[in-house]
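Everything below concerns the one structure shown next.
Residue numbers (my numbering): 103 to 203.
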């Protein structure tokens, strides 16, 4: 059973309202990306779990001259609510990619 399916069945989205957003304003790098409204900056995905998806991540990334993916201009995982939902949807692809065959 997938994460979102479990939440839909158990109704945990109604009970758990705070698991989608976390902010660490004491972090030396906060905010690590520029966002118009810092109070909306989500630190939950400090390291983006979608990095391994390459061009399929859906974020605003670029590749350096030597082929290294750079996410320095991407704020997608840090946007409150929208970023969380995007990452969770893409996690299905990651789960299939790393699944033992």
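For each residue, glycine too, the CB sits at the ideal point set by N, CA and C.
Note that the structure is a prediction, hence the values are computed from the model and not measured.
- Per DSSP, the continuous alpha helix (DSSP H) segment holding residue 185 begins and ends at 184-200.
- When C-beta atoms of the stretch 142-156 are compared with those of the stretch 169-188, three or more pairs fall below 8 Å, so the two segments count as touching.
- By the C-beta criterion, the stretch 160-170 is judged not to be in contact with the stretch 195-203, since fewer than 3 inter-stretch pairs fall below 8 Å.
- Contact check for residue 184 against residue 175 fails: the beta carbons are separated by 8 Å or more.
- The residue from 189, 120 and 124 with its alpha-carbon nearest to that of residue 146 is 124.
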